[in-house]
Structures are given as structure tokens and as C-alpha cells.
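Residue numbers for the sequence shown follow the numbering used here, beginning at 293 and rising by one. Every residue gets a Cβ at the ideal spot worked out from N, C-alpha and C, and that includes glycine. Notes follow the structure.
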Amino acid sequence: MDRGDGSIKYILSGEGAGIVFTIDDTTGDIHAIQRLDREERSQYTLRAQALDRRTGRPMEPESEFIIKIQDINDNEPKFLDGPYVASVPEMSPVGLIRTALMNMDREAKEYYEVIIQAKDMGGQLGGLAGTTTVNITLSDVNDNPPRFPQKHYQMSVLESAPISSTVGRVVAKDLDEGINAEMKYSLVDGDGLDVFDINTDPNYQVGIITVRKPLSFESKKSYTLKVEGANPHLEMRFLNLGPFRDTTTIHISVEDVDEPPVFEPSFYFVEVPEDVEIGTTIQIISAKDPDLTNNSIRYSIDRSSDPGRFFYVDITSGALMTARPLDREDVSWHNITVLAMELNNPSQVGNVSATVKVLDVNDNAPEFARFYEAFVCENAKAGQLIQTVSAIDRDDPQEGQHFYYSLAPEAANNPNFTLRDNQDNTAWILTRRSGFRQHEQNMFYLPILISDNGRPMLSSTGTLTVHVCSCDDDGMVMSCTAEAYVLPVSLSRGALIAILTCIFVLLVLVLLILSMRRHRKQPYVIDEEENIHENIVRYDDEGGGEEDTEAFDIAAMWNPREAQLVVKNRQDMLPEIESLSRYVPQTCVMDNNVHNYVLAKLYEADMDLWAPPFDSLQTYMFEGNGSVAESLSSLQSVTTDSDQSYDYLTDWGPHFKKLAEMYGATDNSGPLW
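Next up, the structure:
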């Protein structure tokens, strides 16, 4: 119907109309106004219609048509997952990605980068291409054996190095990594296999050599070790590249150090009877210097281990001796520490423990277990038991205690009581007669002899106090107090005068004795001016003038006994006596009698807190430099005193009063100097 006169108008609607596609409304030609991409959309559905241009009425029904986009080669090939990363073991056989070199070595080159290209159209002309990268890493295999960089190592260690201390380190190099580079070190040969040990550090793959036993420079100065380093994880296909182990030799030198003295043996146990004499050698303590210099040793006791100072040790010989009496009942065990010091190096001190067991000696007599007090009724019958007694003994005999009881000799024929030894360490006290009277005697003292079974046998006498009591018919005690009983006593006048005379005579004798003692003490307080010849006055410096007149009294030496008594009774100060035993050279080779005598005297002096000498303090007051009176020395006096005026001495105060009276006189007789 379109005659080409422009009376028909074409319109377009549907997918992409006006955006992707347009239509010429006069001719009806459809054009694409945008670049088409089949990969984004492969077809479009459109509708077209012809209208009367003047009236706008459709000339025919609407038509639908489909536009399909044809494909052209406008996209190159792409690798969607690139770049690719791959890992292949070194020395791998041919695979999908084939190796171009035989026996590729990771230790030579570990990383490879491969670029892969893909072309479409079978690679024909006009086709497109795409590329991707493949990063290939050669993973490690155990194809390299370990090797020590040195075949000989030199190390040193102090002989005082403690157990498990480190001597040195060795490492075997392995070009592999990870599990393939793990190392196991071991000692395979040498003369120090039992003295040293080697451990593997898993973090750094090194071998750590440590001390296994104590070292001694004096015993052995050097050791040789053969160390092996091996891979514990092997691959069978590479065994031909082995062996996967290597060895090296280590020379270890032991260095000398100054060591403290060593005791032999390392512990002493001594048994000593408690009655051993002072100064007896009970054990020889021996120590030696382990160094080659073999320095001299000096012995001593750690006083904190022997606070009672029961023992001392000879400084040169190490003889352990008793210094005080031992008493097992007070201290039965002594744990002392003996020190050994090098003479040339006092800082090097060794010690050893010595346990002294004090053996029992029968030196304590048995005695009553407690205070015994018995009661007997006035109506008691003969043979009645009134008390059971037992005894104790501080000694401890090996065969056990056994006591024997009997009445003391002075009471063997006692008419009132008797004793029966039960042979079980107890005894019964029985009445020997019947009928006791309180008003006649209300208390009896019964001496009982107790003996032990020791060697020698010791005994003591204990006294049993027996009270006579009034009892009822059933034997119950009612009263043990004696009733008042007054004896008719009268004194004559002559007896009374004799008693008073005796008292008067005693008073006169007491007064006479006091007077004689006072007269005997007079030389200590004799007036200084009357007995100036009996005093020695010593001035060693410029003293305090006339007030400094206290001097030693020779009269005190006339009666040595009185002087000693005065010294011993001094209460103005406490003596400070310290045992001189540590200053006295100790020796165990001198005569025992003399040695024991000196030790006994030393012990006696140590225990006597009031034995002389005493320290005394003498204070000398003197005027020193800066005195307003300047010097009074005759060396600085003028040649003649006649022209000198001493009136100014009166202004110097009371200390110079006597001097002013002597030199300030107005007569012409001159000063009395």
C-alpha cells in the first residue's frame, strides 16, 4: 500500500526499540544505533506497524519479528583461573606439564614461571589468543646427605663444671629442608663416652655436648669424642646418593680450677664414752687439696654446729678432741661440722659432718621416782603395807635397769618399819610392829638405800616420810596432826643469868672482831699527807693540778691476801674473760699429762667468771690546747722570777687558788716553787 508518497508512517516498539534499534518512519528501514554484542544478548523481539500519516490510523495489524545477532570472532581465549601455581617434586617423571630437563635440582633452582598461550580457530590466521602464567615450585626430597663443615673441633671445659652443663655445640650442614634436614647426633667412639653426652636441639638441628660425670683435671686433662650426625628420614630411591650420615672428631680439654679441700671419707661417725677425759683425741679428720699444688690445710670447727664448745680440732693435724666434759644424760648426740681451709687461699673451704654419739657410763645413782610420803594408823598391825616405792636412773644400760632396795645401814635394825624388795624395781614398806602413838612421835624418817646394776654399782639414799595418823575402825585417816602436848618446863634464876651472860660475852666478841677488822683496813684510807712516802704518783702528761692526786697505794701490796679478796669482790664492773684456746697453738703430739693439765686449767679459767685480771678504766682530766692560762711549763718560764708579778693568778678561778697564794704573797721572800 505504500506508494512512496510519504503518506505512510512506520513505528517500532519492543525490546531495544529506540535504544539499540531505530526505524525510518518514511521508508521503514531498521538500523542498529549501538554496537551489538552477541555474548551479552543473542536476539531481540520487536514489533512494527504502518500508520496513516494524516489520520494516524493503522493501515494493517501490528507485525512481530525477531532480530538474531550473528557471532563474529571478537573475543580472544581467556584462562579463567590463572595464574596457576603448581608444585612438583624434583626428579619427577614426565607428566601433563612435562619437564624439559632431566633431574631438576631444587637446591640449584627452586622456582619456575611458565607462560601458557591458548588460540582459537585452531590457530588459523585471524584467530585470537589468550595467555596465563603457571608458577612451579620444586618441592624438596632427601637427596642430600649431611656433612660437617670441620673434621676436627677443639673445646675446653672447667673441671668444676656441674653435671648437665654445656661444653660446646656442633652442626652438620644439610642442603635439604624441613623433615629431610632433620638431624640425629650421637657419640660413636672416643675415651669420653661415659663422661660426656650429646643431645639434639630440634629447633636448630645442632648437637649440644654436655657433662655427664664430674670432671677432674688432676685425674684426666683431655678427652676425645667421635660424633656422628645422620638423617633419620631416608628415601629409598636416593640411597645411592648416600651415605646420609657424617662424623667429626672433638678434642675436649679440661681446665684446672682452684678447688676446696676434699675430706676422705665424706662423713664421720664416732662413738665416745661420756667419761672420756678432756683433751682426748676421738677421731682424726683428714682432708686434702685436690689440686696439683697440694696446699697446706688448716682445720677448724663451725661454731654454729657446736655452740656448747664441747670439741675442738687441731689446726694442723685434724685431730678432733674433747674440750669439755661430756654428759650423755644432757646431750647424747653431737652433730658438728669440721672446716678445712687452704692456707694460701682462705676462700677455698671444704666441710664435713661428724656425728658423735656419747656412750652411756654408769655415772648417775638411782633415786626415788618422786617424793614419797606415807601414812600409818595408830592402830596399824605388824606387817601392814604402808607404801610402794620405785626408782629411776638417768643412765641407760644395755641390759636394762634393775634396782636393789634395802634400808640404810643406820636404819637396818629399825624397830618400826621394814622393807621388802619385790625384785621388779619396786619395794614395799611394811610395819614391823603394831600400835603407834601420835603424841609420842607423829613423824618418822625412814632412809632407804637404792642401788643399780651398773659397773661400778652406784647407790643413793632416799628418805621416806611416814606420818602417824589417827584413823577410824575401817582404817580411814581422820587426822595426822599431833595434839598439843605441853611438857612442864621451868627455868631457875641461875640458869637464866647464865644464858644472859653467854649472850653478853658473844656480843663483846663480835664487837672486838669488827674493831680488829676495821683496824686492819686502815692502810687503805691513811691520810695522804701523813703517808706521802708510801705513795707512788706518776704523771705522764699535764694533769689537772692538785685534784689529780689519786695514785696507787703501796700499802695494798703489804697484804696480798687482802688485796686478792678485794679484787675478787669488785662489783663495779663485770669481767670480760674470753677463752684463749683459739690463740693457743693446738697440737696433739705433746705429752698427754701436760696437755690434759693445761686444758683442765683453761676450762677452769673459762668457767670462773670472777677470776682476775679485770679491765679497769682510769680517766685523766687535763687542760689541753687553748687554755686561758697558756702553758705553766718551766721550760717556757722567764729566767728570773723576782721581777715577775703573779697577782693575776687570783683571777684564774678556784683551780689556781693554791698557786695564787704561793706566788701572790707580798713578802720579799720570793715565790716558793
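Spatial neighbours of residue i within its chain, please: C-beta separation below 8 angstroms, excluding the five flanking residues on both sides.
i: Leu984; result: Past the boundaries of the shown model lies residue 984; the chain is included only from 293 to 965, so the question cannot be answered.
i: Lys505; result: Ile455, Asp486 and Val487
i: Ala235; result: Not covered by the structure: residue 235. The range shown for the chain is 293 to 965.
i: Phe530; result: Val433, Asn434 and Asp435
i: Val568; result: Ile574, Thr614 and Leu618
i: Arg295; result: none
i: Pro437; result: Asp466, Asn523, Leu533, Gly534, Pro535, Phe536, Arg537 and Asp538
What three-state label does DSSP hand residue i in the structure shown?
i: Arg725; result: coil
i: Asp581; result: coil
i: Ser545; result: strand
i: Met770; result: strand
i: Ala513; result: Inspection of the sequence shows that residue 513 is occupied by Lys rather than by Ala. Here Lys513 sits in coil by DSSP.
i: Asp898; result: helix
i: His694; result: coil
i: Ser596; result: helix
i: Ser682; result: strand
i: Glu621; result: coil
i: Phe530; result: helix
i: Glu1002; result: In the structure as shown, the chain starts at 293 and stops at 965, and residue 1002 therefore has no counterpart that could be examined.
i: Gly348; result: coil
i: Thr319; result: coil
i: Pro739; result: strand
i: Pro877; result: The pLDDT assigned to Pro877 is 41, lower than 50, so where the model puts this residue is not dependable; a value taken from the coordinates is nonetheless given after this. It is coil, neither helix nor strand.
i: Asp652; result: coil
i: Ala233; result: Here the chain covers residues 293 to 965 and nothing more, so residue 233 does not appear.
i: Leu799; result: helix
i: Ala646; result: strand
i: Ser751; result: strand
i: Arg330; result: coil
i: Pro701; result: helix
For residue i, which residues in the same chain have their Cβ closer than 7 angstroms to its Cβ, ignoring the five residues on either side in sequence?
i: Thr424; result: Phe371, Gly374, Pro375, Tyr376 and Ile408
i: Asn714; result: Trp720
i: Ala674; result: Thr723, Arg724, Arg725 and Ser726
i: Ser597; result: Asn627, Ile628 and Thr629
Can you tell me whether residue i is buried or exposed? The criterion is at least 16 other CB atoms within 10 Å of its CB, across all chains shown.
i: Tyr604; result: buried
i: Ile576; result: exposed
i: Arg662; result: exposed
i: Gly499; result: buried
i: Thr710; result: buried
i: Gly727; result: exposed
i: Met633; result: buried
i: His887; result: buried
i: Met899; result: exposed
i: Thr723; result: buried
i: Cys794; result: exposed
i: Gly610; result: buried
i: Ile589; result: buried
i: Ala703; result: buried
i: Asn656; result: buried
i: Gln730; result: buried
i: Asn734; result: buried
Can you find the residues in the same chain that come closer than 6 angstroms, C-beta to C-beta, to residue i, ignoring five residues on each side of it along the sequence?
i: Ser334; result: Ile361
i: Ser299; result: Arg345
i: Tyr336; result: Glu307, Gly308 and Ile359
i: Glu354; result: Arg339 and Gln341
i: Thr314; result: His323 and Ile325
i: Leu328; result: Ile361
i: Arg461; result: Val498 and Ile500
i: Phe948; result: Leu941
What is the residue span of the alpha helix (DSSP H) that residue i lies within?
i: Tyr938; result: Unbroken run through Tyr938: none, as it is neither H nor E.
i: Ala400; result: It is not in any alpha helix (DSSP H) - Ala400 carries neither H nor E in the DSSP assignment.
i: Lys950; result: Lys949 to Tyr955
Quick one: measure Cβ to Cβ for residue i and residue j, integer angstroms, because I've assumed they're closer than 8 angstroms.
i: Thr492; j: Tyr515; result: Wrong, their Cβ atoms sit about 20 angstroms apart, outside the cutoff.
i: Glu451; j: Pro524; result: Not really, about 35 angstroms apart at Cβ, beyond 8 angstroms.
i: Leu631; j: Val641; result: 6 angstroms
i: Tyr664; j: Gln679; result: 6 angstroms
i: Lys518; j: Thr502; result: About 17 angstroms; that fails the 8 angstroms criterion.
For the beta strand (DSSP E) that residue i lies in, which residues bound it at each end?
i: Lys360; result: Ser355 to Lys360
i: Tyr302; result: Ile300 to Gly306
i: Arg601; result: Premise fails: Arg601 is in no beta strand (DSSP E) and is neither H nor E.
i: Ser431; result: Ala421 to Ser431
i: Ala464; result: Taken as a continuous stretch (DSSP letters only), Ala464 belongs to no beta strand (DSSP E), as it is neither H nor E.
i: His972; result: Residue 972 is absent from the model: the chain starts at 293 and stops at 965.
i: Ser452; result: No beta strand (DSSP E) holds Ser452; DSSP gives it neither H nor E.
Please find out if some non-hydrogen atom of the ligand SAM comes closer than 8 angstroms to the beta-carbon of residue i.
i: Ser609; result: For the structure depicted, the ligand SAM is absent and the ligand set is empty, with no information on it obtainable.
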